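Residue numbers (the numbering used here), protein chains in the order written: chain A, 4 to 669; chain B, -6 to 68.
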């Protein structure tokens, strides 16, 4: 069994299904392998030692020089873990002891300093048969009050600015009770004093000498620990990793079925890798291991519903193309896709950067985004930063395309055109006239008035554009939902659940377009065109509601409103672009005002406003454009077809960071 | 004169449309956001779901924005 587990781990593509005790006759859950308990004991030791040394293995995510696994195993077998533990805890124990002693010394010193104004040797504080001695601190001078009850052998000292005074009183036994009561009224707290000889003042230097020595020793031991930590950090990481692997492998029998003479591992293997796994097992065990493919799960939900409970949900192995791979993280933030459904990562990969680019839409902001994104893709290790970097990179490319060819804009200023009272253009700013062919590349809505689409002047056009983009995006979402249900349940189901909504979506689009034609003029005019579009819309909605009715009931009508809400939600594409353009306009206006007549100071101040302002817009762009783009994917798109709650494909495999298996030892 | 007053009224109305809806979105998001942060601290895998809930109230202000823009550019 030991070797079989080893083999399955080295193949690395078997997603094990946990055996449930009692589900197969004659089989039961296995027991951990022999070496496993020793390994977990050692693992605890390594982790304890690592913790004391401040070595955080989890944070050492990257190791340029992994140690050979074979050597690490040999060291573990040679009890080096125990040796390390002994070494570390030897120092730790000594440090604890010294620390304790130092604390006691410090407390004694404190007491002695308080008593040092009394010239009574410490050996005289105790050992009387007829006298009770009170040593302690009080809030205020008790001498008078004690004198009133006939006790006169009282020493009291209260240093200036001290909160509490020190009292030393020698009281005959018969007066002890009265003295105790009187002292209590003055807030008396007894003080433990060290058992030494000589006056307190004489004892202070010796004790403070001891304390200094103890503190020096603690310092020394700390240095020693720091040295050990540096020396053993990589070793501890290697031990930790190797032992974790041993423990994981050793505990695998707890997940499989074992009988008296044999054992069975149930697991999922990607269809494409079945032959390879089978061949690898045959080669290693010479035919003594029997591998059998029980079933090939299709994408229909029915198949899963019929299966035994533990085999019901096959794991999902993400299989996205070059683009989709970068966007698996946003999907995983919502949930792992089910085995039977479409992974939305690729769609997110297409639309998220597109939306981001449309919202940013400025060449000046796009270039830093592309550079930062490319750098992040190259450097970032964690999945989160990879995802952010890919949005910045691909989004930056779209932003550059939109910024140049569509908006013809850089840092909030158009390339071409004349300056106006509040805004300027690059042509006007630099005092040049750009060549005809360059100017001719850009679209213009008002026949040459503005070259390039202006986010602020052409607001209505931008709003319409974003609504159209929204309709396309929503249609894609409903279509994906349709395909999902088609695969899971068949055509009729798919029509009832998603197909009808597609009709309704287009119906609403036509209806609203017709209404806007009729209503948004200076006065309400029902043209032929408007009437026709409204009629088409109404018919499509009627078909949509009728098709959906079987599954959705009254929601088929109520949902129409939310579809309209979804469509309007895309107007944020235009709105966020507008808000950025507005801010850029304001900063440009301010800096140009300062630049003009105010000499050097004005130039510097204007330039500072320009730089800081655009930096701010740029940073805000990440937050607003990125998050709103993502929201459109999550709320408007994925809600239409994505169910999630899948099981992530997690095959038995070993990931080594701090150790490596060399070719020679296989 | 009447036309000028009319333009001013449109501007005020547009401002009210965006301002009031913004306030409403803010109030709603305050509550959702506080609960969402609490939920995420308990279980980080809830991020996606809470994010969806978090941005739902934004729809209100977007409608306000659309109305405001239509007022200014169409009326």
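Where is the CB? At the ideal position from N, CA and C, for every residue including glycine.
Note that this is a predicted model, so its numbers are computed, not measured.
Its Cα nearest to that of residue 499 of chain A, the residue A/548 stands out among A/431, A/548, A/300 and A/456. Excluding residues up to 5 positions away in sequence, 232 lie with their Cβ nearer than 7 angstroms to the Cβ of residue 57 of chain A in the same chain. The segment 404 to 482 of chain A is shown to contain whole alpha helix (DSSP H) runs of 4 or more residues at 429 to 433 and 439 to 442, in chain order. Excluding residues up to 5 positions away in sequence, 262 lie with their Cβ nearer than 7 angstroms to the Cβ of residue 29 of chain A in the same chain. Collapsing the DSSP output to three states places residue 493 of chain A in coil. Contact with chain A is found for residue 58 of chain B, since one of that chain's Cβ atoms lies less than 8 angstroms from the residue's Cβ.
By the rule that beta-carbons nearer than 8 angstroms mark a contact, residue 572 of chain A touches chain B.
Counting only the Cα atoms, residue 17 of chain A lies some 17 angstroms from residue 286 of chain A. Closer than 8 angstroms to the CB of residue 336 of chain A there is at least one CB belonging to chain B. Listed as beta-bridge partners of residue 158 of chain A by DSSP are A/171. Between the segment 626 to 640 of chain A and the segment 605 to 613 of chain A, the count of Cβ pairs shorter than 8 angstroms is below three; the stretches do not touch. The DSSP assignment places no complete run of the beta strand (DSSP E) inside the segment 77 to 132 of chain A (cut-off: 3 residues). Secondary structure remark: continuous alpha helix (DSSP H) runs of at least 4 residues inside the segment 505 to 555 of chain A, in chain order: 531 to 555. Between residue 313 of chain A and residue 20 of chain A, the gap from beta carbon to beta carbon is short of 8 angstroms.
Interface with chain A (8 angstroms Cβ-Cβ cutoff): residue 43 of chain B is excluded. Residue nearest to residue 654 of chain A within the set A/496, A/252, A/345 and A/40 is A/252 (criterion: CA-CA distance). Assigned with DSSP and collapsed to three states, residue 166 of chain A falls in coil, not helix or strand. With respect to the C-alpha of residue 442 of chain A, the residue from A/407, A/633 and A/397 having the closest C-alpha is A/407. The Cβ of residue 585 of chain A sits no closer than 8 angstroms to any Cβ of chain B.
Closest option to residue 31 of chain B, judged by alpha-carbon separation, among B/-5, B/47 and B/12: B/47. Each residue's CA atom was taken as its position, placing residue 394 of chain A and residue 516 of chain A some 33 angstroms apart. Residue 136 of chain A: member of the beta strand (DSSP E) spanning 134 to 141, first to last residue. Contact between the segment 31 to 43 of chain A and the segment 66 to 76 of chain A is absent: fewer than 3 CB-CB pairs across the two stretches fall below 8 angstroms. With 16 or more other Cβ atoms inside 10 Å of its own Cβ, residue 244 of chain A counts as buried. A Cβ-Cβ contact shorter than 8 angstroms links residue 191 of chain A with residue 141 of chain A.
Take residue 64 of chain B, set aside five residues on each side of it, and the residues of its chain with a beta-carbon closer than 8 angstroms to its own are 3, 6, 7 and 10, in chain order.
Looking at the DSSP output, residue 260 of chain A shares a beta bridge with A/32 and A/267. Among the CB atoms of chain B, none fall inside 8 angstroms of the CB of residue 497 of chain A. In this structure residue 23 of chain A is exposed. Its beta-carbon is surrounded by fewer than 16 other beta-carbon atoms within 10 angstroms. Apart from the 5 residues on each side of it in sequence, residue 7 of chain A sits with its Cβ closer than 7 angstroms to the Cβ of 292 in its chain, given in chain order.
For the segment 448 to 465 of chain A, residues whose beta-carbon sits nearer than 7 angstroms to a beta-carbon of chain B comprise 462 and 463. Note that the C-beta distance between residue 370 of chain A and residue 321 of chain A is not below 8 angstroms. Judged by beta-carbon spacing, residue 145 of chain A lies within the 8 angstroms limit of residue 186 of chain A, meaning their Cβ atoms are closer than that value. DSSP places residue 595 of chain A in the uninterrupted alpha helix (DSSP H) bounded by 575 to 598.
In the assembly as shown, residue 154 of chain A is a buried residue. Its beta-carbon has 16 or more other beta-carbons within 10 Å. By the rule that beta-carbons nearer than 8 angstroms mark a contact, residue 52 of chain B touches chain A.
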